[in-house]
Amino acid sequence: MPCFDKKLEASRTEFTTVSSSSPANEENGIPDVDLVLATNEFLDLLERDCERCAESANHDSQTVVRDCHSGPPDLDVALHARLTELIDLCGVVTISSDCSSKFVPMYRHIGTGSGGYATVIFCRAALELFGIQLVDDPQLDEHVLVRQLHNRDLQEWLLFASVVDRDNAQKALSQLTTTNRVPYRQSKAQPAPLLAFAVANGFRCLNGGGQLKNASEMVTELYFQLPALQPMQSHANVRRMYNALLSADVERRNLRTSYRSVPPVEIINPMALQW
Numbered sequence: 001m002p003c004f005d006k007k008l009e010a011s012r013t014e015f016t017t018v019s020s021s022s023p024a025n026e027e028n029g030i031p032d033v034d035l036v037l038a039t040n041e042f043l044d045l046l047e048r049d050c051e052r053c054a055e056s057a058n059h060d061s062q063t064v065v066r067d068c069h070s071g072p073p074d075l076d077v078a079l080h081a082r083l084t085e086l087i088d089l090c091g092v093v094t095i096s097s098d099c100s101s102k103f104v105p106m107y108r109h110i111g112t113g114s115g116g117y118a119t120v121i122f123c124r125a126a127l128e129l130f131g132i133q134l135v136d137d138p139q140l141d142e143h144v145l146v147r148q149l150h151n152r153d154l155q156e157w158l159l160f161a162s163v164v165d166r167d168n169a170q171k172a173l174s175q176l177t178t179t180n181r182v183p184y185r186q187s188k189a190q191p192a193p194l195l196a197f198a199v200a201n202g203f204r205c206l207n208g209g210g211q212l213k214n215a216s217e218m219v220t221e222l223y224f225q226l227p228a229l230q231p232m233q234s235h236a237n238v239r240r241m242y243n244a245l246l247s248a249d250v251e252r253r254n255l256r257t258s259y260r261s262v263p264p265v266e267i268i269n270p271m272a273l274q275w
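In our numbering, the protein residues as written are 1 to 275.
Here it is as structure tokens:
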């Protein structure tokens with residue numbers, strides 16, 4: 001995970017399962033997630049593993065791959081080999097209706113590196129409401145008018161508002177709750193979906209605190225080289241899963257969650273916080 005916030009999410013008591021043999025309280029809950037590793041932590045584990053392998057095999061671990069086409073810069077040869085092996089294994093195996101497996105290469109979601117939720121809804125609405133099949137990047141489609149607002153982290157797509165970082169989110173929410181002001185366009189209609197992120201920069205989680213140090217641009221470039229797919233349209237198994245889930249959950253409770261206020265914890269030195 002490129003963002004340390006995933007660790008906080010996994011530690012929430014809501015993501016625990018109470019054992020049938022123990023009382024229903026927080027202390028006896030079984031965590032749904034055992035471990036969350038940030039990207040830089042995962043790389044650190046790989047480097048340590050490669051060092052052990054190099055020492056046991058009397059391998060010179062100082063050989064460095066300099067060719068940018070052969071792998072990330074300044075990485076040990078053993079680490080590069082291990083990363084290549086992991087990349088070959090990192091795919092999605094889907095099971096079709098006839099129980100046959102199919103290997104699907106790695107892909108990324110359309111839109112931003114934060115999941116592209118607003119982009120998916122926007123493209124779906126264009127197809128179902130207007131019969132327009134947009135390109136993978138709607139900002140490049142001739143049917144879409146994008147207006148850049150105050151900064152790069154605040155954009156308007158038709159009546160969809162994509163808002164990034166806390167300051168922009170506060171501005172957008174204040175405009176939505178002000179009765180005498182009309183936000184965004186000279187229209188009485190307000191943005192229907194409002195997608196807000198607490199992380200600044202247009203690439204969001206791709207440059208999160210858990211990412212590889214001094215490699216944000218390279219990570220972003222590699223991420224956007226992956227083919228962009230829409231899971232709901234590209235994978236029949238995903239559609240079958242959602243149909244089965246919604247047919248048994250008419251009120252769609254499984255698609256909703258709730259949040260509770262957590263008392264703030266005073267941290268004297270945030271840099272010394274051990275995850």
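Backbone N, C-alpha and C define an ideal beta-carbon position, used for all residues, glycine too.
Asked, Found
"Distance CB(Phe42)-CB(Gly209) smaller than 7 Å", "no"
"Simplified DSSP state of Arg260, which is helix, strand or coil", "coil"
"For Thr17, the residue or residues it bridges with in DSSP", "Ile30"
"Within-7 Å CB hit, Leu222 to chain D", "The displayed structure is made up of one protein chain only, and chain D is not part of it."
"Option in Val33, Glu9, Phe15, Asn40 with minimal Cα separation from Asn214", "Asn40"
"Backbone secondary structure at Arg252 - three-state DSSP", "coil"
"Boundaries (first-last residue) of the alpha helix (DSSP H) holding Phe224", "That residue, Phe224, is in no alpha helix (DSSP H); it is neither H nor E in DSSP."
"Ile110 vs Ala228 beta-carbon contact at 7 Å", "yes"
"Opposing strand residues paired with Arg108 [DSSP bridges]", "Ala228"
"Gly29 versus Val18: straight-line alpha-carbon distance, rounded", "5 Å"
"Alpha-carbon spacing of Leu46 relative to Glu221, whole angstroms", "22 Å"
"Cβ distance (whole Å) where Leu246 is taken to contact Arg252 below 8 Å", "6 Å"
"Nearest candidate by alpha-carbon position, reference Phe130, set His143, Ala172, Leu226", "His143"
"DSSP three-state assignment for Ser174, whether helix, strand or coil", "helix"
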